[in-house]
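Structure record follows, encoded as C-alpha cells.
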Amino acid sequence: MKLTGTAVLLGLLGSFFRLAAQTPSAADRTLGEVTSLDSEHHAIVLKEDKGALVTVTVGDKAFLLRMPPGETDMKKAVKIAFTDIAVGDRLLAAGAKSGEELEARTVVIMSKADIAQQQRREQEEWRKGLAGIVASVTPEQRAFVVTVGDKKYNVTATDKTEYRRYAADSGNYSDSHPSTLADMKPGDQIRVLGAKDDIGLAVTADRVVFGTFTRVAGVISSVNAETGEL
Numbered sequence: 020m021k022l023t024g025t026a027v028l029l030g031l032l033g034s035f036f037r038l039a040a041q042t043p044s045a046a047d048r049t050l051g052e053v054t055s056l057d058s059e060h061h062a063i064v065l066k067e068d069k070g071a072l073v074t075v076t077v078g079d080k081a082f083l084l085r086m087p088p089g090e091t092d093m094k095k096a097v098k099i100a101f102t103d104i105a106v107g108d109r110l111l112a113a114g115a116k117s118g119e120e121l122e123a124r125t126v127v128i129m130s131k132a133d134i135a136q137q138q139r140r141e142q143e144e145w146r147k148g149l150a151g152i153v154a155s156v157t158p159e160q161r162a163f164v165v166t167v168g169d170k171k172y173n174v175t176a177t178d179k180t181e182y183r184r185y186a187a188d189s190g191n192y193s194d195s196h197p198s199t200l201a202d203m204k205p206g207d208q209i210r211v212l213g214a215k216d217d218i219g220l221a222v223t224a225d226r227v228v229f230g231t232f233t234r235v236a237g238v239i240s241s242v243n244a245e246t247g248e249l
C-alpha cells in the first residue's frame, strides 16, 4: 500500500472544493496550479487540474486571500497582495469567465510552501497510523478489527470518519475513490489514521483507506521494446 504526497493533495483539493462552495454561486470558477505571473498586468496563467490553461486577471477591487495549512473556512483566510502569489501555488479564482480568460473577483491560494508543510505533517501522521489486514467488520456498530502482525486493534468510526477504497488494480492512494464502511470486507488491506487509547489497542478512526488489489512479482526474463512488454 502506497501513501504519498498525492494523498495530501487530494485532501487539499477537497478543501478547495469546500472553499468554492463558499464563493458566490453565480460566479465562474477555476482551480489549478499557478504556472506563470505577469506582475505588471496583474495576470496569472493557471493550469487547471484537467490540463487546460486559463489566464486569470486580477483587478484592483478583487479580494486576494491565502488559506493557512489545514484550514477550509474562508473566515480563517489571510489577506495578501498580488506579489505574494508564486509559481507552484494552488489557486482558486471566482469571477466572470470568457473563453480561456477569467476576470477574478476573488482569488484564494494555498502556497507551495504551505502545501509542502502540510504534506510533511500528514505523512508523519500516516506513519503513526495502523497498516494491516481487516479481521472483521461490524457495520451496525460502526466498528472493525484490524490485524497488525500478532496484534489486533479495535477500530471505531464516527459520523466524521472519511473512507476511501483502493482501486482493484492499484495500491496508490491517488487511484482510490470515496467509499463507506459497508464496502469493507475481512481480508482487505487497510490503513487507519486516528486517535489511540492509553493502551494503544483501540482506535477512533478519522480517515481510512482500504481494499484488495493484486501485485505481481517475479523475475524479468525478456523485454520487447517494440511492444512495451516484459
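Quick note: the sequence shown uses my numbering, first residue 20, plus one each step. Every residue, glycine too, gets a C-beta built ideally from N, C-alpha and C. As the structure is a computational prediction, the values presented were derived from the model and not from experiment.
Checklist entry - Between which two residues does the alpha helix (DSSP H) carrying I134 extend? => result Taken as a continuous stretch (DSSP letters only), the alpha helix (DSSP H) holding I134 covers K131 to R146.
Item to check | Residue from A62, D68 and S58 whose Cα sits closest to the Cα of G51 | outcome: It is D68 whose Cα lies nearest to the Cα of G51.
Item to check | Proximity below 8 Å, CB of A186 to CB of S195 | outcome: Contact: yes.
Next on the checklist: Can you look up P205 in the DSSP assignment and give me helix, strand or coil?
Outcome noted: The three-state reading of DSSP puts P205 in coil, since its state is none of H, G, I, E or B.
Checklist entry - Where do the ends of the beta strand (DSSP E) carrying K116 lie? => result Counted as a single uninterrupted DSSP element, the beta strand (DSSP E) harbouring K116 occupies residues R109 to S117.
Checklist entry - Based on the DSSP output, what are the partners of I218 in its beta bridges? => result Per the DSSP secondary-structure output, I218 pairs with nothing in a beta bridge.
Next on the checklist: For D169 and K116, which I take to be in contact (beta-carbon distance under 8 Å), what is that distance rounded to the nearest angstrom?
Outcome noted: Contact flag wrong, Cβ pair sits at about 58 Å.
Item to check | Of the listed residues T157, A123 and G118, nearest to G284 (C-alpha basis) | outcome: In this structure the chain extends from 20 to 249, so residue 284 is not present and cannot be described.
Checklist entry - Which term fits E141, buried or exposed, when burial requires 16 or more other beta carbons within 10 angstroms of its beta carbon? => result With 16 or more other Cβ atoms within 10 Å, it is buried.
Checklist entry - Among T54, Y192, L84 and K204, which one has its Cα closest to the Cα of K94? => result Minimum Cα-Cα distance from K94 among the listed residues T54, Y192, L84 and K204 corresponds to L84.
Checklist entry - Three or more C-beta pairs closer than 8 Å, one from the stretch 142 to 153 and one from the stretch 95 to 112: is that the case here? => result No, the stretch 142 to 153 does not touch the stretch 95 to 112.
Checklist entry - CB L251 to CB T54, shorter than 8 Å? => result There is no way to answer for residue 251, as the model of the chain reaches only from 20 to 249.
Checklist entry - Between the C-alpha atoms of H61 and K98, what's the straight-line distance to the nearest angstrom? => result Straight-line Cα distance between these residues: approximately 16 Å.
Checklist entry - How would you label T102, buried or exposed, when you count the other beta carbons within 10 angstroms and need 16 or more for buried? => result With fewer than 16 other Cβ atoms within 10 Å, it is exposed.
Item to check | Secondary structure of Y185, DSSP reduced to three states | outcome: If DSSP states are grouped into helix, strand and coil, Y185 belongs with coil.
Checklist entry - Terminal residues of the continuous beta strand (DSSP E) containing D79? => result Where D79 is concerned, the enclosing beta strand (DSSP E) stretches over L72 to R85.
Checklist entry - Just how far apart, CA to CA, sit E119 and V73? => result For E119 and V73, the distance between alpha carbons rounds to 5 Å.
Checklist entry - With 16 other CB atoms within 10 Å as the buried threshold, where does G114 fall? => result The residue in question, G114, is buried, as its Cβ has 16 or more Cβ neighbours within 10 Å.
Checklist entry - Bridge partners of S198, per DSSP? => result Per DSSP, S198 has no beta-bridge partner at all.
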